[in-house]
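Worksheet: one structure, shown below.
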Amino acid sequence: MSSNTDFPVLSLATRDRRFARTKDLLKRLNLEGLVLAGLTSREQYDTYLTNDYAEGIVIFPAEGAPTYITWQEGRLMRMKEAEQRGITPWIEDWRVGVDAPTVAAVVREKGLDKARLGVVGGESRGPSEMTGYIPYALWTKVLAELPRVQFVDCFAAFAAMMLVKGEEELVMMRRSAAIGEEACKVMYKMAKPGVSELEITADVLYAIFKNCAFSPQPFLILHSGPETVSWGPPIWRYQGGPTRILQKGDMVLAEIFPRYGGFESQQQMAIALQPVDDVHTECAKVARRAYEVGLEVLRPGTTFNKVADEMEKVIHAAGCWHISPMLHSLSPLAWVGRVEASTKGEKGKGAWDSQDLILEAGMVFELEPNAQRGKHRVNIGGTVVVTESGVEELNQLATNMLIAE
73 MSSNTDFPVL
83 SLATRDRRFA
93 RTKDLLKRLN
103 LEGLVLAGLT
113 SREQYDTYLT
123 NDYAEGIVIF
133 PAEGAPTYIT
143 WQEGRLMRMK
153 EAEQRGITPW
163 IEDWRVGVDA
173 PTVAAVVREK
183 GLDKARLGVV
193 GGESRGPSEM
203 TGYIPYALWT
213 KVLAELPRVQ
223 FVDCFAAFAA
233 MMLVKGEEEL
243 VMMRRSAAIG
253 EEACKVMYKM
263 AKPGVSELEI
273 TADVLYAIFK
283 NCAFSPQPFL
293 ILHSGPETVS
303 WGPPIWRYQG
313 GPTRILQKGD
323 MVLAEIFPRY
333 GGFESQQQMA
343 IALQPVDDVH
353 TECAKVARRA
363 YEVGLEVLRP
373 GTTFNKVADE
383 MEKVIHAAGC
393 WHISPMLHSL
403 SPLAWVGRVE
413 ASTKGEKGKG
423 AWDSQDLILE
433 AGMVFELEPN
443 AQRGKHRVNI
453 GGTVVVTESG
463 VEELNQLATN
473 MLIAE
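Going by the working numbering, the first residue of the sequence shown is number 73, and it counts up by one from there.
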């Protein structure tokens with residue numbers, strides 16, 4: 073681990089841990105190798121075995137050395153330049169050509185053309201990728217090239233393995249959350265009548281980028297107004313036009329996505345501008361109670377759905393509903409709690425139907441309870457780590473509704 077606590081990095085010990093865990097997973101699933109696609113997925117799964125992101129595919133045999141296939145020469149040259157600067161690549165064999173012939177050639181070269189191989193990327197449960205992210209044209213050609221290979225989807229098992237962090241990985245996650253905390257402070261300071269959503273967006277993202285982090289899609293969710301239950305990136309990002317100017321009595325809601333060294337944390341900011349509506353005050357109390365319940369229930373051995381259920385009970389008992397989940401996993405974002413499609417309690421579908429997960433120490437989640445009454449909405453929360461005895465909270469500022477000064 074780097075001695076510079078502001079910019080920690082992973083050591084080769086983490087590479088060895090990840091390689092060993094992956095081989096153990098293959099053995100447990102009776103697989104002879106793994107085809108791990110990162111490509112343009114939001115979660116960039118290939119980084120787990122590469123400590124790099126070249127929008128590629130890792131061919132990882134149970135025995136022997138892995139190969140990383142990237143889509144163009146520039147990514148390969150970047151790795152070579154990093155190596156010249158003293159950075160040891162986790163995978164030595166890099167090749168160019170994210171296409172069926174190249175994938176098939178590497179599989180044959182490793183003697184796996186009649187093997188039982190795991191696949192990550194054919195299915196998914198992440199946002200906007202509920203049906204996987206390997207392109208149909210690529211995968212159908214891979215199947216044609218390798219007719220004797222038995223491909224087995226192992227997305228859920230691989231994602232669950234990734235979710236359990238080692239100590240070096242937790243250092244990275246804490247750094248990511250600390251950057252998020254700084255971004256929250258910036259947003260809290262800026263939230264005043266007369267300030268535009270665009271100004272807040274620019275300064276929050278600057279707080280992230282100046283700390284050697286970035287913000288993955290959707291970069292920043294931000295909505296403001298006296299009444300708003302919409303969610304997702306602000307519409308001006310896609311349609312142009314002026315951005316909204318904050319006014320007295322507004323509720324400002326945001327979801328912040330700092331990612332440092334491949335480790336994403338999240339923070340759910342809710343800032344009320346005076347005069348604060350009584351309904352928002354009540355929704356804030358409900359959301360906070362649900363957050364505290366999440367902290368109590370989030371323990372090793374508990375299931376993911378159990379935590380979601382207990383938090384949701386608080387929302388419903390108060391006569392509220394929720395348009396976004398109570399919690400989801402982080403790094404990777406693969407387990408997502410249920411949402412409600414309307415005030416009638418109708419459940420959303422897709423990613424929100426994730427299979428259940430037994431929690432383990434080292435897993436990282438975003439607790440993000442949200443409570444709505446009519447068109448009044450409050451969404452709070454931050455990043456937490458499951459420990460042997462409970463929960464480690466990595467964020468503080470976003471875990472309550474704040475009142476603008």
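Ideal placement from N, C-alpha and C gives every residue a C-beta, glycine not left out.
Which residue's Cα is closest to the Cα of residue 444: 396, 86 and 380?
For this step, residue 444 is matched to residue 372 along the sequence shown. The shortest Cα separation from residue 444 among 396, 86 and 380 belongs to 396.
So, residue 359 versus residue 352, is the Cβ gap smaller than 7 Å?
Position 287 of the sequence shown, counted from the first residue, corresponds to residue 359. Position 280 of the sequence shown, counted from the first residue, corresponds to residue 352. No.
Of the residues 162, 158 and 234, which one's Cα is nearest the Cα of residue 126?
What you label residue 126 is simply residue 54 of the sequence shown in a count that begins at 1. If we check each option's Cα against that of residue 126, 162 comes out closest.
Which term fits residue 332, buried or exposed, when burial requires 16 or more other beta carbons within 10 angstroms of its beta carbon?
As a first step, residue 332 must be located in the sequence shown, where it is residue number 260. Looking at its Cβ environment, which holds 16 or more other Cβ atoms inside 10 Å, residue 332 is buried.
Do the stretch 126 to 141 and the stretch 97 to 115 make contact, defined as three or more Cβ pairs closer than 8 Å?
The stretch 126 to 141 is in contact with the stretch 97 to 115.
Using the C-alpha atoms, what's the distance from residue 300 back to residue 342?
Residue numbering aside, residue 342 sits at position 270 when the sequence shown is read from its first letter. Residue numbering aside, residue 300 sits at position 228 when the sequence shown is read from its first letter. Using only the alpha carbons, I get a separation of about 12 Å.
Just to confirm, is the Cβ distance from residue 398 to residue 236 under 7 Å?
As a position in the sequence shown, residue 398 is number 326, starting the count at 1. As a position in the sequence shown, residue 236 is number 164, starting the count at 1. Cβ distance not < 7 Å, so residue 398 and residue 236 don't count as in contact.
Determine the contact status of residue 190 and residue 103, defining contact as a CB-CB distance below 7 Å.
For the purposes of this step, residue 190 is taken as the residue at position 118 of the sequence shown. For the purposes of this step, residue 103 is taken as the residue at position 31 of the sequence shown. The answer is yes: Cβ separation under 7 Å.
Is any heavy atom of the ligand NAD found at a distance shorter than 6 Å from the C-beta of residue 168?
Although the ligand NAD was asked about, the structure shown includes no ligands whatsoever.
Keeping to the same chain, check which residues put their C-beta closer than 6 Å to that of residue 347; ignore five residues upstream and five downstream.
Your numbering for residue 347 matches position 275 in the sequence shown. Once the five neighbours on either side are set aside, the close Cβ partners of residue 347 are 321.
In this structure, does DSSP put residue 472 in helix, strand or coil?
Counting from one through the sequence shown, the residue named residue 472 turns up at place 400. Coil at residue 472, not helix or strand.
Counting only the same chain and skipping the five closest in sequence on each side, list residues whose C-beta sits under 6 Å from that of residue 431.
By one-based count along the sequence shown, residue 431 stands at place 359. Cβ neighbours of residue 431 beyond the five flanking positions: 372, 374 and 458.
I need the boundaries of the beta strand (DSSP E) containing residue 350, first residue and last residue.
What you label residue 350 is simply residue 278 of the sequence shown in a count that begins at 1. Careful: residue 350 lies outside any beta strand (DSSP E), inside the alpha helix (DSSP H) at 350 to 369.
Looking at residue 384: is its Cβ nearer than 7 Å to the Cβ of residue 369?
Indexing the sequence shown from 1 puts residue 384 at position 312. Indexing the sequence shown from 1 puts residue 369 at position 297. Not closer than 7 Å, so no.
Cβ atoms of residue 329 and residue 287: under 7 Å apart, would you say?
In the sequence shown, residue 287 corresponds to position 215, counting from 1. In the sequence shown, residue 329 corresponds to position 257, counting from 1. Their beta carbons are under 7 Å apart, which means residue 287 touches residue 329 by this criterion.
Excluding the 5 residues flanking residue 423 on each side, which residues of the same chain have their C-beta closer than 7 Å to its C-beta?
Taking the first residue of the sequence shown as position 1, residue 423 is located at position 351. Note on residue 423: pLDDT 40, under 50, position unreliable in the model; the coordinate value appears next. Taken in chain order, the residues that qualify are 197, 198, 199, 202 and 408.
Would you kindly check if the distance between the Cβ of residue 290 and the Cβ of residue 306 is under 7 Å?
Counted from its first residue, the sequence shown places residue 306 at position 234. Counted from its first residue, the sequence shown places residue 290 at position 218. Cβ distance not < 7 Å, so residue 306 and residue 290 don't count as in contact.
Can you give the Cα-Cα distance for residue 284 and residue 207, rounded to whole angstroms?
Here residue 284 refers to the residue found at position 212 of the sequence shown. Here residue 207 refers to the residue found at position 135 of the sequence shown. For residue 284 and residue 207, the distance between alpha carbons rounds to 31 Å.
So, at 8 Å on beta carbons, what are the nonlocal neighbours of residue 178 in its own chain, with the 5 sequence-adjacent residues on each side left out?
The residue given as residue 178 occupies position 106 in the sequence shown. Excluding sequence neighbours, residue 178 sits near 131, 139, 141 and 167.
Looking at the structure shown, is residue 146 part of a helix, part of a strand, or coil, going by DSSP?
As a first step, residue 146 is located in the sequence shown; it is residue number 74 there, counting from the start. Reduced to three states, the DSSP call for residue 146 is helix.
Let me know the secondary structure DSSP gives residue 421 once reduced to three states.
As a working mapping, residue 421 is identified with position 349 in the sequence shown. The predicted position of residue 421 is uncertain, since its pLDDT is 46 and thus under 50; no value can be drawn from it.
Whose C-beta lies closer than 8 Å to the C-beta of residue 182 among residues of the same chain, with five residues either side of it excluded?
Along the sequence shown, one-based indexing puts residue 182 at 110. Result list for residue 182: 105, 131, 133, 136 and 139, in chain order.
To the nearest angstrom, report how far apart residue 211 and residue 254 are at their CA atoms.
Along the sequence shown, one-based indexing puts residue 211 at 139. Along the sequence shown, one-based indexing puts residue 254 at 182. C-alpha separation (whole angstroms): 42 Å.
Where does residue 246 fall in DSSP's three states?
Counting from one through the sequence shown, the residue named residue 246 turns up at place 174. Residue state, collapsed to three classes: helix.
I'd like the span of the beta strand (DSSP E) that includes residue 275, first residue to last.
The sequence position of residue 275 within the sequence shown is 203, counting from 1. That residue, residue 275, is in no beta strand (DSSP E); its alpha helix (DSSP H) goes 269 to 281.
For the candidate residues 143, 297, 429 and 318, whose alpha-carbon lies nearest to that of residue 377?
If you number the sequence shown from 1, residue 377 lands on position 305. Of the listed residues, the one whose Cα sits closest to residue 377 is 429.
By alpha-carbon positions, which one of 467, 294 and 310 ends up nearest to residue 271?
In the sequence shown, counting from the first residue as 1, residue 271 sits at position 199. Closest by alpha carbon: 294.
With respect to the alpha helix (DSSP H) encompassing residue 100, which residues constitute its N-terminal and C-terminal limits?
On the sequence shown, position 28 is the one that residue 100 refers to. Here the alpha helix (DSSP H) through residue 100 covers 84 to 100.
Can the beta-carbon of residue 469 be found closer than 7 Å to that of residue 256?
Along the sequence shown, one-based indexing puts residue 469 at 397. Along the sequence shown, one-based indexing puts residue 256 at 184. Their beta carbons are under 7 Å apart, which means residue 469 touches residue 256 by this criterion.
State the Cα-Cα distance for the pair residue 349 and residue 298, rounded to the nearest angstrom.
For the purposes of this step, residue 349 is taken as the residue at position 277 of the sequence shown. For the purposes of this step, residue 298 is taken as the residue at position 226 of the sequence shown. Taking the straight line from one Cα to the other gives about 8 Å.
Mind listing, in chain order, the continuous alpha helix (DSSP H) runs of no fewer than 4 residues lying wholly within the stretch 113 to 168?
Counting whole runs of 4 or more residues, the stretch 113 to 168 contains the alpha helix (DSSP H) stretches 119 to 122 and 145 to 156.
So, residue 176 versus residue 218, is the Cβ gap smaller than 7 Å?
As a working mapping, residue 176 is identified with position 104 in the sequence shown. As a working mapping, residue 218 is identified with position 146 in the sequence shown. Yes, Cβ-Cβ distance for residue 176 and residue 218 is below 7 Å.
In the DSSP assignment, find the beta strand (DSSP E) that holds residue 448 and state where it starts and stops.
Locating residue 448 in the sequence shown gives position 376, where the first residue counts as 1. 448 to 451 is the span of the beta strand (DSSP E), which, as asked, contains residue 448.
Check whether the Cβ atoms of residue 511 and residue 337 sit closer than 7 Å, and answer yes or no.
The first residue shown for the chain is 73 and the last is 477, placing residue 511 beyond what the model contains.
Compare the beta carbon distance of residue 402 and residue 438 with 7 Å and say whether it is the shorter of the two.
The count along the sequence shown starts at 1 and reaches residue 402 at position 330. The count along the sequence shown starts at 1 and reaches residue 438 at position 366. Yes, the pair counts as a contact, with Cβ atoms nearer than the cut-off.
Can you tell me which of the three DSSP states residue 303 falls into?
Within the sequence shown, numbered from 1, the residue matching residue 303 stands at position 231. The answer is coil: DSSP assigns residue 303 none of H, G, I, E or B.
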